[in-house]
Each structure stands twice: as structure tokens, then as C-alpha cells.
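Chains as they are written, first to last, in our numbering: chain A, 1 to 602; chain B, 603 to 764.
Backbone N, C-alpha and C fix where the C-beta goes; we use that ideal spot for every residue, glycine too.
And the structure:
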């Protein structure tokens, strides 16, 4: 191995790739070669560094200088200035408050410094395609400890004592799940990893698979040892091609190194893992639907009981854990349950990865101790609103969850507290909503999703959600009645009680929780034909303020239906009968003369 | 169109990859769809799969039509999947959808006349940090604006003409 002067970690997570990471890396390599520095400078493509809104990102060591929003030109300049001459290139540094430049935000900015990384410990730190980097970060040590020093029962006890709960949404205690599968009679058992992440707004599982695939392989092997399985499956969505590619490569390396296959680490325990790829069905994230899909059937859920621990894949006892849950397992085995319990609350120990999205400054992934308040999460770590508009609520748990209004932001984030508010921790998606977001629209949006994704097996979910959607659609068009609102509530509760699987049982939640906190918004739509957030198209009109309009014609030129009339330097006017409410005019007006009003002008 | 011998080869490969009898179907469908020029499963192919795997044709269609990523109709060379989940919606995803529909003059589920583009909806792609997001075949595109997306489509069209 040759000595290097600098190591560049460049984030190759899905979000950074989509914003041009590859061309940045190519520019770096080209320029480095031009100066013949390729032996002195090492470039490592890592998993997701978390700060997706700043991408593409790279960190240059030994100093740990953090460069953001890179372009190929930026990369060339950084090679010439930073690497060659030792001068930090200021224009691509992280900008703190009041445009203060912060070369090492990892230490100073709460978005980075307040995180406690357990499940995401290797993300952005190692090359996911290099097993030796994983091993250097204590990788496969937990497997060694479990196989050589512990009985399966002891492994289960450690996980039980740690209080780790399923991170996929339901929050069921992981150790207990393992124990059921262990005690379930049968010689053939299966260990399954649920990587069919589909909740809108959640992307921690994708990031872990892309950035640290070996942790999943190690954890699955430990779990398989604990429950007595010799075969495992990872069920990944087809929408995650990068994750599939990296996991496949990691599986091959693990086999090569003897961490998978026959007689692992010289013991008599054998285990191997195969990947199964989904084909675009959200309901397959439900564990029994997932099992059906692996079996090559339609991904429709089964009636529970029997639970997968009794009759799972091919009717054999099976254990299913979510990606993030599994990623917590190796550190818990190494450090013990008490170590894990130092974070979080009594009933929700440890950390949780949240995906911040929507109207928040720092979007991306953050791993924080459970019990942190929503306010800390959204304002301190998330940096609050990017536009200065008032944050109205946060939507947690995707289509199975609910909204939490700003007044409740001092609530600690744990399974029980959020349940009490009518929301859920869920898979950890947090979509921040501001005053421009209409709650009826949000509810309708999620319901449309659930209607699309309903597998059609049971009537309450298939028909009931559709009717709820139709009512919501009516309300957003200004045609709803107060009876409709009552019906929504009744239907929602019935669907929750009578649906077969988790999808149907939780699908009405977005409606019920918005009704709980924002009934007045529903009533405004129904009684006054008014959308307070001015989002519902049928209830708004665009108008030009004659005081502010200077007659620049910008709006008239951009209007796709030519419904804005007016001469140069004279006040313009919108023909309401022709307007399609596309909003193009508001975007181009530099004088703030165009605004939305609700109710709509007849 | 894909030939019978090619389908046989795919099935053979699938058997070699230690897939069990029961779970081979979805895997095979993926492989065949990737190989077929128009990104779909033609009826002829479905019949051959049925014979090769000894699975009734009705069962194959039962599975085929359940999953949104499989198609029974020919699709364009570029399958555009637009994320229609909430994080993209609150980031003005609606405008992206309108820009694409306007640029290509097609609606969801349709293919352009030149056979280049098919427009589909998808659930969350997990790139909410850079929303709004679309996927074209296996590539992600994030932080989109109507202008950006029009440019991407124009570039793809332009690349085809050359």
C-alpha cells in the first residue's frame, strides 16, 4: 500500500448521484492525473453523508474540509487550489448563519454534531464496496463474538435486553420476534430482510443498503444463528438499482471472506443470503405480502395468525426484520444492551434515523436519540423553514401516519408519545409542512396513494378508501358538505377496524389526524368554498394588483393559454374564465404584483 | 421480440442461480422484460414462460398485472417514472408532471408516437432530499425545475436524432 497525502471522501449516495456526483468525481480524477498526483491522493466513494440538500458533497482529509454543492468546475478548482497549493476554496464551503463560512461543519453545526450514529455509523465514512474498510470499522466482529462466544439464546437475550424495536413502522420488540422464531418448531427456517422501503418521505433503508451493505449481511447472519435459519433473503424494491448492485457485490465479498456459506468462521453454522427484487408494489412492505411476493405470487397479504414466526415463507417459520433495525444489531452485540440504552427513552431505547423532507432547510438523513423533541429535530437540526414562512405541522409516518401541529412540537419523539397524538414514528419519514400546504390536500394526497396501492383483497380497504378519496376530492373542489366530513370520520374508523393488513388499517390515519387538528380547514372548504392555504386549484384565483403592476408583460408572455391582457407599461389583467391556474405568472413577476385569492372569483 | 431459445436460456440461468421452483417467476419476468426491446412482456413470451416453467398462463398474468413495473403493452425506449409522493408534491412536483406531459404530449400510461418515451407514476423513490425527483430507466434525476426537465428530455431526444 502506498502512502497518500490526502484522502477525498465523496458522497455517492443516490441523492448526490442524481445531482451530478459522477461528473464531479471524473473531473477530480482527470485533474489529479493531470498533475500526476494519482498515487498521492486517494478518492473514496462513500455512502450517503446525510445532507442531501447540499449535494454533491465531498470531505478532504486529513483536515476534514467539507465542500458542498460541487460541480466539475468546482472540483478542478479544488484540485488546483486546495490539493496543490493548500488553500481552502471558500466559495464551496458550508455557509452558516449570516453567511459565515464553516470549513468543518461536522463539529459545529447541530445538523451534524447532534447526531448519534449507530445504524448509519459507516455511512459517508467507508467505501461500501470494500469489505476491508467495513472490517476496519469493527465489521464482522459482532458475528465472531456471537458465533464463537454466545449461544443463540444469549444473542436473543442481548437483543431483548437492549429494547431494540422494529424500525420499519410497527415498533415491535426485535428480540421477542427472534425468540418466537427460535421457539417455533421446525428444522428449516428463514431469515428475511425487508428492504421494500416505500413510505413516501423515508429513505434511510436505501441509504444504509447503498452505503453500508455489509452491516445488513452481518446482522442477518447473526439473526439467522439466533433463530436457527440457514437461508436468508433480502427483498429489495426494483426502484433501488444502486442498492441492489452494491448489496450483490457485498454478498460476493462476504462469501469470499468466509462470512457467508458453509461453516462460517470455522463453526458448524452455515448460512447464505439471496436477493429477491420486487416489481413495484408498496403493499409488499407488509410482511406477509412480502412473503407471497418472494414465493412468486401476487403480493397480497395473508390473514394473521398464523404469524410468519409460525408459518412464513413456504409455510416454514420465518423472521422478518427491517433494514434499519438490522443495522443496529452488530453494535449492540459488540457493546452490550446497556450501551444501547444510554440513548433514548425507557420504552423506546436507542436512536432512530429520520428523513427530513419538505419545507425544512436541511433536508436529508439524521440519526438522533429517541426522545428528542420535534422542535429540536425540525428547528435545531433541520434548520427550520428555508423560506422564512411559518412552519405549520409535520407529517410523520407517511401514508400510515398523521400530522402533528406546531403547538405540539415539544413532544418527545418516541413510539408512545406520537401514537397519543394520532401520528406514528413509522419508518421515520418527516415531511415538514408550512402555511402554503393545505391539510385537506395532504390527506387527499396520501389517500390517493393508499387507493393506488391497495391490493384489492379485502373490501374495507379496496372500496372504503376509494370512497373516502372521492369525498376528499369533492371537498377540495368546493363541492363537499358538512355531512361528508362526518361520513369521512365514520368510514375512516370502520376501515381501520376491519381491514386485513397494516396498509388498510392505517390508510385512514392521514384523514383522521388532519380532521382532529384542522377541522376548521375542512369546514372552510365546505362552508366558504375557501382553501386557507390557497392550494386547492378550484378554490383559488390569481389576481394582479393594479397598484404594483408596472406593465412589464413578463406574465403575459409566460402564460400558456394567453389569458393575461394588457399593453406595455399598462396594468395587466387576468381573464378568469380562461385561466388554468398553472401559477407560471406568479413565478415570473418580479414586482410581487400577482397573488392568489380564495375563494375563487366567479 | 425475444426468441424461444433466449427465454429458455434465461430460465436455465435462473435455475442455476439456486432459485427454487416456486420463486422463479418474478425473477424470470424481470430478466425477460429487460431483454425485450420495448420493455414489456409480449403475450408470445408469456406463453413460452408458461411452458418452460410449467405455470398456467393465467397465473403468469395474475402476477404480471399485479406489479406496476411489469407491462403487457410495448413501452418506449425511455421509461420515465415520476415520483408522485408527498415530498415531491410539496416541492412543486405538479409543475414537473405538467412540464413533462406538455413536452411529450402524452399522459400517464402512454407512449410517444416515435416510441421513445413512456410516462409512468411511481411511489417514493427515496430521494426526498433532492425532490422533485424522476427516474428515467435506471437513472435518477433530482432537484428538478420545469426548465431542467425539459432540457433533459430535449437532450435525450437530440441524442436519438444524431
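Query, Result
"Contact criterion: CB-CB distance below 8 Å. Does residue 18 (chain A) meet it with respect to chain B?", "yes"
"Return helix, strand or coil for residue 526 (chain A), following the three-state DSSP convention.", "helix"
"Can you look up residue 122 (chain A) in the DSSP assignment and give me helix, strand or coil?", "coil"
"Note down, in chain order, each residue of its chain lying with its Cβ closer than 6 Å to the Cβ of residue 284 (chain A), except the 5 sequence neighbours on either side.", "196, 278, 290, 293 and 299"
"Excluding the 5 residues preceding and the 5 following residue 467 (chain A) in the sequence, name in chain order all residues of the same chain whose CB lies nearer than 6 Å to its CB.", "none"
"Assuming contact is defined by CB atoms lying nearer than 8 Å, are residue 103 (chain A) and residue 88 (chain A) in contact in what I supplied?", "yes"
"Under 8 Å: do the region 380–398 of chain A and the region 496–503 of chain A share three or more Cβ pairs, one atom per stretch?", "no"
"Report the rounded CA-to-CA distance for residue 226 (chain A) versus residue 179 (chain A), giving the unit in angstroms.", "8 Å"
"Under 8 Å between C-beta atoms, does residue 240 (chain A) make it to chain B?", "yes"
"Answer with yes or no whether the minimum CB distance from residue 713 (chain B) to chain A is below 8 Å.", "no"
"Under 9 Å Cβ-Cβ, which residues of chain B neighbour residue 197 (chain A)?", "726 and 728"
"Note down, in chain order, all residues in the region 678–689 of chain B with a beta-carbon under 7 Å from any beta-carbon belonging to chain A.", "687, 688 and 689"
"Would you mind telling me which residues of chain B sit closer than 8 Å to residue 293 (chain A), beta carbon to beta carbon, in chain order?", "628"
"Give me whichever residues DSSP pairs with residue 434 (chain A) in a beta bridge.", "A:391"
"Answer with buried or exposed for residue 214 (chain A), where buried requires no fewer than 16 other C-beta atoms within 10 angstroms of its C-beta.", "buried"
"Could you tell me whether any non-hydrogen atom of the ligand ATP is closer than 7 Å to the CB of residue 18 (chain A)?", "Of ligands this structure carries none, so the ligand ATP is not represented either."
"Run through the DSSP bridge pairs and tell me what residue 373 (chain A) is partnered with.", "A:412"
"In its own chain, which residues sit with a C-beta less than 6 Å from the C-beta of residue 271 (chain A), not counting the 5 before and 5 after it?", "221, 224 and 230"
"Along chain B, which residues have their Cβ under 7 Å away from the Cβ of residue 52 (chain A)?", "731 and 732"
"Which partner residues does residue 565 (chain A) have in the DSSP bridge list?", "A:573"
"Against chain A, which members of the region 740–764 of chain B pass a CB distance test of less than 9 Å?", "740, 741, 742, 743, 744, 745 and 748"
"Which ranges does the alpha helix (DSSP H) cover as unbroken runs of at least 4 residues, wholly within the region 137–196 of chain A, from first to last along the chain?", "141–149, 152–162 and 174–183"
"Count the CB pairs spanning the region 300–307 of chain A and the region 330–339 of chain A that are closer than 8 Å, and state whether there are at least three.", "no"
"Any Cβ of chain B within less than 8 Å of the Cβ of residue 363 (chain A)?", "yes"
"Am I right that residue 320 (chain A) and residue 273 (chain A) are in contact with their C-beta atoms under 8 Å? What's the rounded C-beta distance?", "Not confirmed; about 14 Å, so no contact."
"Indicate the three-state DSSP secondary structure (helix, strand or coil) for residue 685 (chain B) in the structure shown.", "strand"
"Measuring straight from C-alpha to C-alpha, what distance separates residue 287 (chain A) and residue 318 (chain A)?", "10 Å"
"Using a C-beta to C-beta distance shorter than 8 Å, which residues of chain A count as neighbours of residue 625 (chain B)?", "276, 294, 295 and 296"
"Using alpha carbons as the reference points, say which of B:691, B:660 and B:716 lies closest to residue 648 (chain B).", "B:660"
"State whether the region 547–562 of chain A contacts the region 575–591 of chain A, with contact taken as three or more CB pairs (one from each stretch) at a distance under 8 Å.", "yes"
"Apart from the five residues on each side of it in sequence, which residues of its chain come closer than 7 Å, Cβ to Cβ, to residue 675 (chain B)?", "642"
"Determine, using beta carbons only, whether residue 487 (chain A) and residue 475 (chain A) come nearer to each other than 8 Å.", "no"
"Would you report the Cα separation of residue 119 (chain A) and residue 516 (chain A), rounded to the nearest angstrom?", "34 Å"
"Relative to the C-alpha of residue 536 (chain A), which candidate in A:443, A:566 and A:267 has its C-alpha closest?", "A:443"
"With distances taken from CA atoms, which of A:68, A:112 and A:235 is nearest residue 629 (chain B)?", "A:235"
"Check whether the Cβ atoms of residue 123 (chain A) and residue 20 (chain A) sit closer than 8 Å, and answer yes or no.", "no"
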